[in-house]
Every structure is written in structure tokens, then in C-alpha cells.
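Residue numbers are given in our numbering: position 276 of the sequence shown equals residue 277, and the series is strictly consecutive. Backbone N, C-alpha and C fix where the C-beta goes; we use that ideal spot for every residue, glycine too. I have placed the structure first, in the form of C-alpha cells, so that the comments after it can refer back to it.
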Amino acid sequence: MTRRVVVVGADAAGMSAASQAKRLAGDGLEVIALDRGRHTSYSACGIPYWVGGDVASVERLVARTPAEHRANGIDLRLRQEAVALDLDRGEVEVRDHETGSTYRLGYDELVLATGARPRRPDVPGIDAAGVLGVQTLDDGEALLDELGRLDGGSRRAVVVGGGYIGIEMAEAMVNRGLDVTVVTRSAQPMATLDPDMGLLVHEAMEAMGIDVATDVTLRGIETDGSGRATAVATDQGTYPADLVVLGTGAGPETALAAAAGLPLGRWGGLVTDLQMRVFDTPGVWAAGDCVESIDRVSGNRVHMALGTHANKQGRVLGTNLGGGYATFPGVVGTAVSKVCDLEIARTGLREADCAAVGFAWLAVTVGSTTRAGYYPGAAPVTVKLLAERRTGRLLGGQVVGREGSAKRVDALAVALWNRMTVEEVAALDLGYAPPFSPVWDPVLIAARKAADAVRADTS
Ligand SMILES: Cc1cc2nc3c(=O)[nH]c(=O)nc-3n(C[C@H](O)[C@H](O)[C@H](O)COP(=O)(O)OP(=O)(O)OC[C@H]3O[C@@H](n4cnc5c(N)ncnc54)[C@H](O)[C@@H]3O)c2cc1C
């Protein structure tokens with residue numbers, strides 16, 4: 002008998018799940034995927050590079066077109082929004098944005114992959130013309146339209162938010178030739194790093210000509226007579242702006258799930274088991290930015306909205322839905338980003354996280370180079386490691402430096418995943434040749450120093 006799966010949200014998590022389930026189950030599953038937007042299977046991660054001009058066209062950001070999904074047997078329905086869930090009857094109420102009508106769709110299995118909802122600060126003027134978020138391809142198009150409008154005139158961009166989307170958008174605006182200011186409420190940009198590492202990012206951005214204002218509280222957006230943004234008002238003064246970009250973070254998009262009474266965790270994300278089944282709710286599954294995940298270092302549930310997790314969780318979900326078996330074993334908090342030629346990476350816990358969780362930790366920071374010092378192009382890199390006192394267990398790592406720095410974090414992520422000590426990390430057999438690293442890779446130097454510090458620690 003054919004079972005019907007309804008997938009709500011047809012991007013990374015939803016379409017990974019839909020494709021994998023259909024691949025495994027074939028005609029045994031009828032898969033209907035709904036999305037309220039006009040796009041499917043697109044890379045939001047690529048939007049800053051498209052807006053900045055590194056990626057030539059929006060088509061390059063689309064991994065699989067609607068026609069390709071339909072050819073694979075998935076009934077993909079765009080501009081169709083799930084507006085209510087009836088879990089008792091196994092039905093979704095759907096609004097068709099093409100016709101304005103609503104209809105009910107029965108399901109045997111329901112997949113929620115509704116993603117994240119960008120936070121929009123509740124201040125006067127936030128909806129003014131020229132204030133734009135960065136979440137969807139439509140947002141990217143709107144940003145490009147605004148940039149076109151500014152051609153030939155005054156070109157000042159203020160980016161609100163100093164997280165990874167904020168700094169990537171700052172780079173995009175620099176690449177488009179705008180004067181850029183980043184305002185952030187945190188002590189340093191990239192609050193996912195410790196402040197001492199964030200300071201390196203801050204200094205590098207200033208050296209690139211990007212103004213960075215920290216510890217700033219947004220008060221509102223000032224507008225002209227036509228309702229267009231002219232400045233960003235804060236508790237530290239007013240920053241003139243022809244374009245305001247919001248990079249103010251996002252939380253799980255779970256309003257639909259909450260209204261249906263589904264279990265949400267501390268961060269408002271759906272709570273699932275290892276196979277991505279929503280807890281205590283037979284026939285309902287969830288994956289991607291709308292769920293919380295287990296942090297393997299702290300043991301806590303966290304909301305880590307990243308494409309890498311959305312794709313993996315979707316595949317795990319689809320495997321189970323399609324009759325196979327797979328689990329999503331959690332995250333360690335690895336993320337990489339860049340602003341112009343500065344690369345930024347992190348994994349595991351920050352000092353503040355260690356304190357909150359109850360780990361006793363020590364930290365070491367080392368400066369080195371990305372290549373052998375004598376090899377052309379060798380550039381500075383700073384590595385910070387956190388280790389548990391006494392045991393020496395690696396708890397976290399952060400890397401800030403020039404080209405070739407960021408992906409060094411992957412070695413640390415593997416070490417964290419396997420609960421290695423800094424002593425063990427120091428002994429790892431990492432690759433070496435002058436064009437790629439000094440003979441002692443910066444990660445190994447940092448681990449060795451951390452191991453020394455753990456041994457010398459008597460507290
Ligand atoms: C600018 C930017 C840069 C990023 N860069 C990176 C990066 O470098 N690395 C990384 O790992 N991650 C990055 N991310 C995060 C990554 O894009 C997300 O983690 C990923 O897209 C999550 O996939 P998802 O399928 O869970 O959610 P989404 O991609 O948000 O998809 C959810 C879909 O659900 C639809 N939807 C929601 N509610 C309903 C409803 N009721 N009915 C119908 N449809 C609905 C939405 O329209 C949307 O299409 C970036 C994100 C942004 C915005």
C-alpha cells in the first residue's frame with residue numbers, strides 16, 4: 002500500500018528528506034513537498050557571494066530545480082503554505098498563494114522542515130524602504146535591486162549584526178564599492194568566538210576600511226519624507242545609511258508546530274529522537290533549522306542553524322522514512338566564515354560556555370603562519386584552544402587568520418568528536434609541506450602548548 006508523506010518546507014532539510022525517502026521507497030511512498038516561497042533546494046549560504054558579485058547568477062545557487070524534483074517523482078508544490086496541522090486527523094491545511102484558496106491534505110507521515118525565522122528588531126522604522134534582511138533568494142534579489150538604485154549616488158551601507166551573516170554581508174557591500182559600517186550589540190564581532198579572538202576580527206575589519214561599532218543598542222531607523230531609510234539610530238549615535246542590511250540572527254520557525262502542540266525545547270526548536278522523529282508524536286518527523294540538536298561536548302540541546310546539519314538531518318530522516326535505518330548523532334559546533342581575506346573558524350565551547358556548563362578549563366592562544374615562514378604567501382594565523390583542567394580533554398578551538406586558516410578547524414572538530422585530549426591532538430599525523438603549513442602545524446603547536454599547560458596546572 003502506498004503511504005503518503007507531506008513535507009512542509011522544500012529547501013535543504015525538506016528536499017534532502019524527500020529525495021532520500023523517495024529514492025529508497027520508490028512507489029511505496031507518495032511524496033508531496035510544500036513550500037510557501039517560490040524556490041526550492043537553493044543555497045542561502047551563497048547569497049552573500051551572489052550579492053557581492055562573486056557568484057554570477059541566482060541560478061548557480063539552485064542545487065536542484067523544481068523540474069528535477071518532479072522528474073524524481075516528488076510532487077513539489079511551490080507557493081503553498083501549511084497554515085495549520087490537524088494531528089488527530091492526519092491533515093495539513095494549506096493556503097495556495099497562487100489562487101488564494103485553502104485546501105486540506107491528508108498524510109500518513111508528516112515532515113516538518115520549516116527552517117529558521119530571521120529576527121527583526123522591534124524598533125521604529127524597521128520596515129522602511131532600504132532596510133533588508135538576508136534569508137531567501139527573494140531577499141538577495143531585493144538587495145541587488147537596492148544596490149542598482151544606489152548606482153551613481155551616495156553609497157553607505159550599515160549592517161546591523163556582527164555574526165557570520167553580518168560580516169559576510171559587510172564583505173559583499175565592500176565588494177560592491179560601498180562604505181560599510183557594522184553595528185553590533187556584542188562586545189566584539191563574531192560573538193560565537195571568545196571576545197579576545199573576536200577582537201582580532203574587529204581589528205582586521207577596521208584595517209580593511211570597515212567601521213565596526215560594538216556594544217551598540219539599536220534604537221531605530223531614521224527615514225526621509227518618502228519613508229526611505231537614511232540612518233541607523235543607536236544609543237551610541239546615528240550612522241547615516243543609504244542601505245541597511247539586517248544580520249540580526251534567526252530562531253527556529255516553529256509557530257505552526259507550536260500551535261499544534263508539538264514538543265519544543267529550550268531554544269524553541271522541535272525536539273526529536275536520533276532518527277529525527279518528533280518526540281511522543283507518531284508519524285511526525287522534523288529536521289533542519291527548525292529542530293534542536295544534541296551538542297556532543299556539553300551534552301545539552303542547542304539550536305545550531307546551519308546548512309551542513311540541515312542536509313545531514315534531512316538525509317537521516319529520509320532514510321528512516323524510506324524504510325532504512327540512520328541516526329543523527331549530534332553536533333560539536335563547527336562553523337567557518339570569512340570577511341574579505343580574513344578567515345574565521347570555531348568548534349566546540351567558548352570560555353563562557355565552559356563556565357555555564359561547569360567545565361574547569363584553561364586556554365592557550367598561539368600565533369603562527371599559514372605556510373612555512375619562508376614560503377611565498379605565508380600569512381598570520383592565530384589558534385586558541387580550550388582544554389579541561391586535569392583531564393586535558395579538548396573542549397573547543399578557534400582559528401582566525403588569512404587564507405588557509407579556516408579549514409584547520411576540521412582537525413579540531415574530529416578531535417572533539419572523538420573526545421581526544423590536547424596531548425593526543427599534539428601527536429596527530431597532520432600533513433606538512435611548506436606551501437601548506439610550517440613543519441609544526443599551528444594546530445599542533447597550540448595543542449602542544451595546551452598539553453604543557455594542563456601538565457603544569459596545579460589548581
Ligand atoms: C545568508 C546566509 C548564509 C548562510 N551561510 C551558511 C554557511 O556558510 N554554512 C552553513 O552551514 N549554513 C549557512 N546558512 C544556514 C543555512 O542556509 C540553513 O541552515 C539551511 O538553509 C537550513 O535549511 P532548512 O531546510 O532547515 O531551512 P530553510 O532553508 O530555511 O528552508 C525552510 C523552508 O521552509 C519553508 N516554509 C517555512 N514555513 C512554511 C510553511 N508553513 N509552509 C510551507 N513552507 C514553509 C520556507 O519557505 C523555506 O523555503 C546560511 C544562511 C543564510 C541566510
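Other residues of its chain near Gly-107: CB distance less than 7 Å, five sequence neighbours each side excluded: Counted from its first residue, the sequence shown places residue 107 at position 106. For Gly-107, where only same-chain residues beyond five positions count, the Cβ hits under 7 Å are Arg-5, Gly-91, Glu-92.
Reference Glu-31, options Val-8, Thr-320, Arg-347, closest by Cα: Mapped onto the sequence shown, residue 31 falls at position 30. The shortest C-alpha separation from Glu-31 is found at Val-8.
8 Å CB neighbourhood of Gly-154 in its chain, flanking five on each side removed: The residue you call residue 154 lines up with position 153 of the sequence shown. Asp-243, listed in sequence order.
Contact test: Asp-55 Cβ vs ligand 1 heavy atom, cutoff 6 Å: Position 54 of the sequence shown, counting from 1, holds the residue named residue 55. For ligand 1, not one heavy atom lies less than 6 Å from the Cβ of Asp-55.
Ligand 1 heavy atom lying under 6 Å from the CB of Asp-76: Residue 76 sits at position 75 when you count from the first residue of the sequence shown. Not under cutoff, so the answer is no.
DSSP-derived helix/strand/coil call for Gly-141: To locate residue 141, count along the sequence shown from 1; it is residue 140. In this structure, Gly-141 counts as helix in the three-state DSSP scheme.
Which listed residue (Val-217, Leu-386, Glu-169, Leu-219) has its alpha carbon closest to that of Met-206: By one-based count along the sequence shown, residue 206 stands at place 205. Comparing Cα positions, the closest option is Glu-169.
Three-state secondary structure (DSSP) of Glu-147: Position 146 of the sequence shown, counted from the first residue, corresponds to residue 147. Three-state result, Glu-147: helix.
Proximal residues to Arg-156 (C-beta, below 7 Å), its chain only, five neighbours per side dropped: Looking up residue 156 in the sequence shown gives position 155. Here the set comprises Gly-178, Leu-179, Asp-180, Asp-243.
heavy atom of ligand 1 below 6 Å from Val-166 C-beta: By 1-based counting over the sequence shown, the position of residue 166 is 165. Correcting the residue identity first, residue 166 is Ile in this sequence and not Val. It does: the Cβ of Ile-166 is within 6 Å (strictly closer) of some heavy atom of ligand 1.
Buried or exposed by the 16-neighbour rule on C-beta atoms within 10 Å, applied to Lys-313: Translated into the one-based positions of the sequence shown, residue 313 becomes position 312. Counting Cβ neighbours within 10 Å, Lys-313 comes out buried, since at least 16 surround it.
Close-in-space but distant-in-sequence residues of the same chain around Tyr-375 (CB under 8 Å, 5 per side omitted): Within the sequence shown, the letter at position 374 stands for residue 375. Result list for Tyr-375: Pro-435, in chain order.
Buried or exposed by the 16-neighbour rule on C-beta atoms within 10 Å, applied to Gly-167: Within the sequence shown, the letter at position 166 stands for residue 167. Counting Cβ neighbours within 10 Å, Gly-167 comes out buried, since at least 16 surround it.
Simplified DSSP assignment, three categories, for Tyr-108: Taking the first residue of the sequence shown as position 1, residue 108 is located at position 107. Tyr-108 falls in the coil class under three-state DSSP.
Between the CA atoms of Leu-79 and His-98 - distance to the nearest angstrom: Walking along the sequence shown from the start, residue 98 turns up at place 97. Walking along the sequence shown from the start, residue 79 turns up at place 78. Taking the straight line joining both Cα atoms gives about 9 Å.
Asp-12 beta carbon near ligand 1 (any heavy atom closer than 6 Å): Position 11 of the sequence shown, counted from the first residue, corresponds to residue 12. Yes; taking the cut-off as 6 Å, the Cβ of Asp-12 has a heavy atom of ligand 1 nearer than that.
Assigned secondary structure, Gly-282 (DSSP; H/G/I helix, E/B strand, else coil): Within the sequence shown, numbered from 1, the residue matching residue 282 stands at position 281. Reading off the sequence, residue 282 comes out as Thr, not Gly. Coil, per DSSP.
3-residue-minimum beta strand (DSSP E) runs that sit fully inside the region 257 to 306, ordered along the chain: 285 to 287
Closer than 6 Å: Arg-121 CB and nearest ligand 1 heavy atom: The count along the sequence shown starts at 1 and reaches residue 121 at position 120. False, no ligand heavy atom lies under 6 Å from that Cβ.
Separation of Pro-439 from Thr-328, as counted between CA atoms: Start at 1 with the first residue of the sequence shown, and residue 328 comes out as number 327. Start at 1 with the first residue of the sequence shown, and residue 439 comes out as number 438. If I take the Cα positions, the gap works out to 38 Å.
Check: Asp-36 C-beta below 6 Å from any heavy atom of ligand 1: Here the question's residue 36 lines up with position 35 in the sequence shown. Under cutoff, so the answer is yes.
heavy atom of ligand 1 below 6 Å from Gln-136 C-beta: Within the sequence shown, the letter at position 135 stands for residue 136. Checking every heavy atom of ligand 1 against the Cβ of Gln-136, one is found closer than 6 Å.
Limits of the alpha helix (DSSP H) - the one that Trp-51 falls within: Here residue 51 corresponds to residue number 50 of the sequence shown, with the count starting at 1. Element bounds for Trp-51: 48 to 52.
Segment limits, alpha helix (DSSP H) that includes Trp-418: Along the sequence shown, one-based indexing puts residue 418 at 417. 410 to 418 is the span of the alpha helix (DSSP H), which, as asked, contains Trp-418.
N-terminal and C-terminal residue of the beta strand (DSSP E) that Glu-389 is part of: Taking the first residue of the sequence shown as 1, we reach residue 389 at position 388. First-last of the beta strand (DSSP E) with Glu-389: 381 to 389.
Whole-number beta carbon distance between Arg-347 and Gln-399, since they are thought to touch under 8 Å: As a working mapping, residue 399 is identified with position 398 in the sequence shown. As a working mapping, residue 347 is identified with position 346 in the sequence shown. With 8 Å as the limit, Gln-399 and Arg-347 qualify as a contact, their Cβ atoms being about 5 Å apart.
Reduced DSSP category for Glu-60 - H, G, I as helix; E, B as strand; rest coil: Taking the first residue of the sequence shown as 1, we reach residue 60 at position 59. The answer is helix: DSSP assigns Glu-60 an H, G or I state.
Thr-255: CB within 6 Å of a non-hydrogen atom of ligand 1: For the purposes of this step, residue 255 is taken as the residue at position 254 of the sequence shown. Every heavy atom of ligand 1 is 6 Å or more from the Cβ of Thr-255, so no.
Distance between beta carbons of Gly-315 and Val-1, contact taken as under 8 Å: This structure leaves residue 1 out entirely; the chain is present only between 2 and 460.
Option in Val-175, Ser-102, Trp-51, Gly-74 with minimal Cα separation from Val-63: As a working mapping, residue 63 is identified with position 62 in the sequence shown. Nearest option by C-alpha distance: Trp-51.
Whether Ile-446 touches Val-365 by CB criterion (7 Å): Taking the sequence shown and counting its residues from 1, the one referred to as residue 446 is at position 445. Taking the sequence shown and counting its residues from 1, the one referred to as residue 365 is at position 364. No, the pair does not count as a contact, with Cβ atoms beyond the cut-off.
Given Leu-112 as reference, the closest of Pro-122, Leu-35, Arg-118, Ala-259 once Cα atoms are compared: One-based indexing of the sequence shown puts residue 112 at position 111. Looking at the sequence itself, residue 112 is Val, so the reference to Leu does not match. It is Leu-35 whose Cα lies nearest to the Cα of Val-112.
Residues bridged to Lys-339 (per DSSP): To locate residue 339, count along the sequence shown from 1; it is residue 338. According to DSSP, which records beta bridges pairwise, Lys-339 is partnered with Glu-344.
Own chain, CB closer than 7 Å to Arg-394, minus 5 neighbours either side, in chain order: As a first step, residue 394 must be located in the sequence shown, where it is residue number 393. Here the set comprises Ala-388, Arg-420, Thr-422.
Residues that Ile-168 bridges to, as DSSP identifies them: The count along the sequence shown starts at 1 and reaches residue 168 at position 167. Looking at the DSSP assignment, Ile-168 forms no beta bridge with any residue, so it has no partner.
Close Cβ partners of Leu-247 (< 6 Å) along its chain, the five nearest in sequence each way excluded: Along the sequence shown, one-based indexing puts residue 247 at 246. Taken in chain order, the residues that qualify are Gly-134, Val-161.
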